[in-house]
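Undergrad: With the first letter of the sequence shown counted as 1, position 290 gets the number 569 in my numbering; the numbers rise by one all the way through. Every residue, glycine too, gets a C-beta built ideally from N, C-alpha and C. Computed from a predicted structure; not experimentally measured. My structure is below; once you've seen it, I'll send some questions.
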Amino acid sequence: VFAEGGYHDFVRSDIPVVMGHEFCGVVAERGRKVGKQFTPGTTVVSFPLRRANGGVHLIGLSPRAPGAYAEQVVTEAALTFVVPNGLDPAIAALTEPMSIALHAIHRSEITQKDVAIVIGCGPVGLAVICHLKARGVRTIVASDFSPGRRALATRCGADIVVDPAAGSPYEAVPAKQRGLTEIPALFELGVGSMEKLRKIPGWSHVYRVADRLGGTAPKRPVIFECVGVPGMIDGIIRAAPLASRIIVVGVCMGEDTLRPAVAIGKEVDLRFVFGQTPLEFRDTLHMLADGKVDASPLVTGTVGLGGVAEAFEALGDPETHAKILIDPAR
280 VFAEGGYHDF VRSDIPVVMG HEFCGVVAER GRKVGKQFTP GTTVVSFPLR
330 RANGGVHLIG LSPRAPGAYA EQVVTEAALT FVVPNGLDPA IAALTEPMSI
380 ALHAIHRSEI TQKDVAIVIG CGPVGLAVIC HLKARGVRTI VASDFSPGRR
430 ALATRCGADI VVDPAAGSPY EAVPAKQRGL TEIPALFELG VGSMEKLRKI
480 PGWSHVYRVA DRLGGTAPKR PVIFECVGVP GMIDGIIRAA PLASRIIVVG
530 VCMGEDTLRP AVAIGKEVDL RFVFGQTPLE FRDTLHMLAD GKVDASPLVT
580 GTVGLGGVAE AFEALGDPET HAKILIDPAR
């Protein structure tokens, strides 16, 4: 998939890669032209990009830029940040995934008054919920089949949690905040509104003012797709209210299909999310350090290097774990 975008060095199953793109570490040595803030012994995190082998590569996700599973890792000084305020390195290590969630929030343009619906409460969905809560979004609905993940979603800040096997996350939204779900209701709203407006002198001016202020837009949720399996996007489009904004955060690596006519008929807004910016990475680190966002519920275990294989197996059980940290000192 990445090769189709021009990057041919992304991790593949047939190429050995030293993993580890989410990490916090201590400076062992700095280059001659690197600033004094990176004195050996300083705790840092790094945006996972570095120049290597004639290009810029993803640390821990490319054979050309070994990651933090190694004893030492080389980072770019311009993309390395000192961990502030004595932040626990275990939480600082979450800067990378948490900053992807912040990028998703920015892409969504969500406001505090909007309803957020998070589909999938794995690490990505939980990180999104943490940022939604920090942003002050008043109604956060989270949906996941796993009771354990739903419990974590509540800890992260979800106001309503739903088992999709038992109910719809869209119907769980409080009645006053629900959007229109059927096209005939939109037709009726349009005719009824115009009947009232046309009785007002200068109605077109009133209409334009209301439109600029957002008064003519139907209520609609902002939906975060955080699963990343085939069929999810199409399923959300079919079930979501009219004019929903759908933010695709989950990464589906296979082919997928959707029916454009359904999306067009509902006039949904479909946006995709990839990575984060260096500023979002920096801002996330400081939000964690300042206590503005709480990512601690995501950490469900810690292992030493000897426990890595077992940790990967344990992550397959959604009732037990979300994120397992690797501490080489253990």
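If you follow the beta strand (DSSP E) that V441 is part of, which residue opens it and which one closes it?
TA: Against the sequence shown, residue 441 aligns to sequence position 162. Counting along the chain, the beta strand (DSSP E) containing V441 begins and ends at 439-441.
Undergrad: Which term fits T495, buried or exposed, when burial requires 16 or more other beta carbons within 10 angstroms of its beta carbon?
TA: Residue numbering aside, residue 495 sits at position 216 when the sequence shown is read from its first letter. T495 should be labelled exposed.
Undergrad: Could you give the distance in angstroms between the alpha-carbon of L476 and the alpha-carbon of F551?
TA: Taking the sequence shown and counting its residues from 1, one reaches residue 476 at position 197. Taking the sequence shown and counting its residues from 1, one reaches residue 551 at position 272. Going by the C-alpha atoms only, they are around 37 Å apart.
Undergrad: What whole-angstrom Cβ distance do Q456 and V394 have, given they're in contact under 8 Å?
TA: Position 177 of the sequence shown, counting from 1, holds the residue named residue 456. Position 115 of the sequence shown, counting from 1, holds the residue named residue 394. Confirmed, about 5 Å.
Undergrad: Considering just the uninterrupted stretch of the alpha helix (DSSP H) at S422, what are its terminal residues?
TA: Within the sequence shown, numbered from 1, the residue matching residue 422 stands at position 143. Taken as a continuous stretch (DSSP letters only), S422 belongs to no alpha helix (DSSP H), being part of the beta strand (DSSP E) at 418-422.
Undergrad: Can you tell which of K602, G284, E592 has its C-alpha closest to the C-alpha of G580?
TA: The sequence position of residue 580 within the sequence shown is 301, counting from 1. The option with the nearest alpha carbon to G580 is K602.
Undergrad: What separation, rounded to the nearest whole angstrom, lies between the Cα atoms of T599 and G493?
TA: Along the sequence shown, read from residue 1 onward, the residue named residue 599 stands at position 320. Along the sequence shown, read from residue 1 onward, the residue named residue 493 stands at position 214. About 44 Å.
Undergrad: DSSP has T359 in a bridge; who is on the other side?
TA: For the purposes of this step, residue 359 is taken as the residue at position 80 of the sequence shown. DSSP output for T359 lists S325 as bridge partner(s).
Undergrad: Would the beta-carbon of L567 fall within 8 Å of that of T321?
TA: Translated into positions along the sequence shown, residue 567 becomes position 288. Translated into positions along the sequence shown, residue 321 becomes position 42. Going by C-beta atoms, L567 is not nearer than 8 Å to T321.
Undergrad: Strictly by DSSP, which residues pair up with K602?
TA: Start at 1 with the first residue of the sequence shown, and residue 602 comes out as number 323. For K602, which the question treats as bridged, DSSP gives the partners V578.
Undergrad: In angstroms, rounded to a whole number, what distance separates the CA positions of G436 and D423?
TA: One-based indexing of the sequence shown puts residue 436 at position 157. One-based indexing of the sequence shown puts residue 423 at position 144. Their backbone Cα atoms lie some 15 Å apart in a straight line.
Undergrad: Tell me which residues share the same chain as T359 and place their Cβ nearer than 8 Å to its Cβ, disregarding the 5 neighbours each side in the sequence.
TA: Along the sequence shown, one-based indexing puts residue 359 at 80. The answer, listed in chain order, is F317, V323, V324, S325, F326.
Undergrad: Among the candidates V403, P453, P426, whose CA atom is the shortest distance from the CA of R417?
TA: Taking the sequence shown and counting its residues from 1, one reaches residue 417 at position 138. Comparing Cα positions, the closest option is P453.
Undergrad: Based on Cα-Cα distance, which residue from G595, P426, V305 lies nearest to A347?
TA: Counting from 1 along the sequence shown, the entry for residue 347 is found at position 68. Closest option to A347, Cα to Cα, is V305.
Undergrad: At a cut of 8 Å, does the segment 431-446 reach the segment 469-486 through at least three beta carbon pairs?
TA: Touching, no, given that fewer than three Cβ pairs across the two stretches are closer than 8 Å.
Undergrad: Can the beta-carbon of L577 be found less than 8 Å from the beta-carbon of A406?
TA: Here the question's residue 577 lines up with position 298 in the sequence shown. Here the question's residue 406 lines up with position 127 in the sequence shown. Closer than 8 Å, so yes.
Undergrad: Three-state secondary structure (DSSP) at R457?
TA: Numbered from its first residue, the sequence shown carries residue 457 at position 178. R457: coil per DSSP, three-state reduction.
Undergrad: Evaluate the contact criterion for the segment 376-391 versus the segment 333-351: three or more CB pairs, one atom per stretch, below 8 Å.
TA: At 8 Å Cβ cutoff, the stretches do not touch.
Undergrad: Less than 8 Å between the CB atoms is what I'm expecting for P342 and I294, so what's the real figure, rounded?
TA: Sequence index remark: in the sequence shown, residue 342 carries index 63 (1-based). Sequence index remark: in the sequence shown, residue 294 carries index 15 (1-based). Indeed they touch by this definition, with Cβ atoms about 5 Å apart.
Undergrad: Report the CB separation of E355 from R330 in whole angstroms; it is logged as a contact under 8 Å.
TA: Residue numbering aside, residue 355 sits at position 76 when the sequence shown is read from its first letter. Residue numbering aside, residue 330 sits at position 51 when the sequence shown is read from its first letter. About 7 Å; that satisfies the 8 Å criterion.
Undergrad: For A282, count neighbouring Cβ atoms within 10 angstroms of its own Cβ and tell me buried if that reaches 16, exposed if not.
TA: Here residue 282 refers to the residue found at position 3 of the sequence shown. So A282 counts as exposed.
Undergrad: May I ask you to report which of helix, strand or coil DSSP gives I512?
TA: Counted from its first residue, the sequence shown places residue 512 at position 233. In the structure shown, I512 sits in a helix (DSSP, three-state: H, G or I).
Undergrad: Specify the secondary structure class of I370 as computed by DSSP and reduced to three states.
TA: Counting from one through the sequence shown, the residue named residue 370 turns up at place 91. In this structure, I370 counts as helix in the three-state DSSP scheme.
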